[in-house]
Amino acid sequence: MKSFWRYFLITVLCISLVSSLTIPLFSQERNPLGQYATIAEFQKATGKRITKFNEAPMLAELVKQGKLPPVEKRLPEEPAVVEPVEEVGQYGGTWRRAALSPSDTMIHARLGYEPMVKWARDGKTIIPNLCTSWKVTEGGRVYTFYLRKGMKWSDGEPFTVDDILYWYNDELLNKELT
């Protein structure tokens with residue numbers, strides 16, 4: 005019986021060793037952050053070029069009807085490039101969300117806005133989102149964010165620093181609202 009367990013253990017160790025050596029050979033080199041701040045950063049890191057942008061068929065139909073500008077005009081000048089986890093998804097279908105009821109407000113907060121910066125896929129790195137970069141000065145008291153140029157609201161209006169100042173001065177500092 006001792007020899008069975010000895011051979012079993014040796015077999016398991018050998019399989020583990022071989023698989024740990026071969027898996028990296030077949031895996032694709034990926035950006036652990038899952039996102040590049042700009043197209044130029046993506047192209048420099050991967051050697052790949054982005055030549056066109058895709059959009060949902062229902063939006064393409066609105067473009068054909070003249071009700072919506074082409075996708076190139078709806079994107080910021082420097083869009084972020086997000087790598088798919090497994091593969092590029094398909095448009096359409098049914099979204100099965102994790103919230104149990106309308107009172108599960110956390111999911112609305114997570115899905116209903118875009119932050120200035122966000123966590124990368126590795127769970128420990130902060131990466132640009134609405135900004136392309138940022139700097140911290142004066143011993144961590146002053147943060148300067150460099151917004152993506154050409155960002156727009158869903159209605160096509162430009163998104164600028166004035167929108168952030170409005171939120172801060174007229175909403176956050178308004179004692180009647182907060």
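In our numbering, the protein residues as written are 5 to 182.
Think of the CB as a built atom: it goes at the ideal place given N, C-alpha and C, for glycine as much as any other residue.
Could you give the DSSP three-state label for residue i: helix, strand or coil?
i: Tyr40; result: strand
i: Phe30; result: Low confidence applies to Phe30: its pLDDT is 40, below 50, so where it sits in the model is not reliable, and the reading given next is rough at best. Note: Phe30 maps to helix in three-state DSSP.
i: Leu115; result: helix
i: Leu177; result: coil
i: Tyr147; result: strand
i: Trp99; result: coil
i: Lys153; result: coil
i: Val165; result: helix
i: Val89; result: coil
Could you spell out the range, first to last residue, of the beta strand (DSSP E) harbouring residue i?
i: Lys139; result: Cys135 to Thr141
i: Ile54; result: Per DSSP, Ile54 belongs to no beta strand (DSSP E) and is neither H nor E.
Closest by CA to residue i, which one among the options?
i: Thr50; options: Val86, Lys68 and Gly127; result: Val86
i: Lys77; options: Lys153, Arg101 and Gln39; result: Lys153
i: Ser158; options: Pro73, Glu45 and Arg125; result: Pro73
i: Lys56; options: Lys68, Glu65, Ala41 and Pro83; result: Pro83
If the criterion is Cβ atoms closer than 8 Å, does the pair residue i and residue j meet it?
i: Ile131; j: Lys122; result: yes
i: Tyr147; j: Ser137; result: no
i: Thr134; j: Met155; result: At residue 134 the sequence reads Leu, which differs from the Thr that was named. It is a contact, given that the beta carbons lie within the stated cut-off.
On the DSSP letters alone, give me the boundaries of the alpha helix (DSSP H) that residue i sits inside.
i: Pro61; result: Pro61 to Lys68
i: Lys77; result: Val75 to Arg78
Rounded to the nearest angstrom, how far is the Cβ of residue i from that of residue j, given a contact under 8 Å?
i: Pro193; j: Tyr95; result: In the structure displayed, the chain extends from 5 to 182; residue 193 sits before or after that span and is not available.
i: Pro36; j: Arg125; result: 7 Å
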